[in-house]
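Participant:
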């Protein structure tokens, strides 16, 4: 793959053009990464008890709803956020993926995906006892994101 950058002073805004014979998983991954650049980077505070916490997204393993509340789970703790799951989904970076109606997972923390008899997968995380289920409807999207992660990590 060749990479070529052309600078042009007469542009009103930046533009990235990808020329390819056919779409490959690698090119799709590059496209998604480029689209993530425009997403907002600021993130709200998280709450636990009377405390207000400012966590890095890299610390968060997954977001999960519990009735009306949304929680961010780290390896050893959980924190409440005031945002809804669909709001989080629209602003999280590309390494987060929806895995059920009630959960979004950080694929960088996923250690294993165990397939169940009912097509519901159990997701286990690195350095944590926590686990979460991925529903059948979202499993192909999760597998695709995990394959992208492997491509990225093995370069």
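Residue numbers (this note's numbering): 85 to 239.
Quick reminder that beta carbons are idealized off the backbone N, C-alpha and C, glycines included.
1. In this structure, does DSSP put residue 184 in helix, strand or coil?
2. For residue 142, does the count of other Cβ atoms within 10 angstroms reach 16, so buried, or fall short, so exposed?
3. Helix, strand or coil: which one does DSSP assign to residue 77?
4. Give, in chain order, every unbroken run of the beta strand (DSSP E) that is at least 3 residues long and sits entirely within the stretch 92-171.
5. Would you identify the three-state DSSP class for residue 217, choosing helix, strand or coil?
6. Among 202, 213, 195, which has the Cα closest to the Cα of residue 226?
7. Under 8 Å, with one C-beta from each stretch per pair, do the stretch 138-153 and the stretch 161-175 reach the 3-pair mark?
8. Are the beta-carbon atoms belonging to residue 131 and residue 163 less than 8 Å from one another?
9. Do residue 114 and residue 101 come within 8 Å of each other at the CB atom, strictly closer than that value?
Facilitator: In this structure, then:
1. Looking at residue 184 - three-state DSSP - the assignment turns out to be strand.
2. So residue 142 counts as exposed.
3. Outside the displayed range of the chain (85 to 239) lies residue 77, so it cannot be described from this structure.
4. Taking only runs of at least 3 residues, the beta strand (DSSP E) segments lying wholly in the stretch 92-171 are 130-132, 135-137, 146-150, 153-157, 162-165.
5. Reduced to three states, the DSSP call for residue 217 is strand.
6. Selection 202, 213, 195 evaluated against residue 226 yields 195 as nearest (Cα-Cα).
7. They touch, by the three-pair rule.
8. Their beta carbons are under 8 Å apart, which means residue 131 touches residue 163 by this criterion.
9. Against a cut-off of 8 Å, the Cβ pair of residue 114 and residue 101 comes out as no contact.
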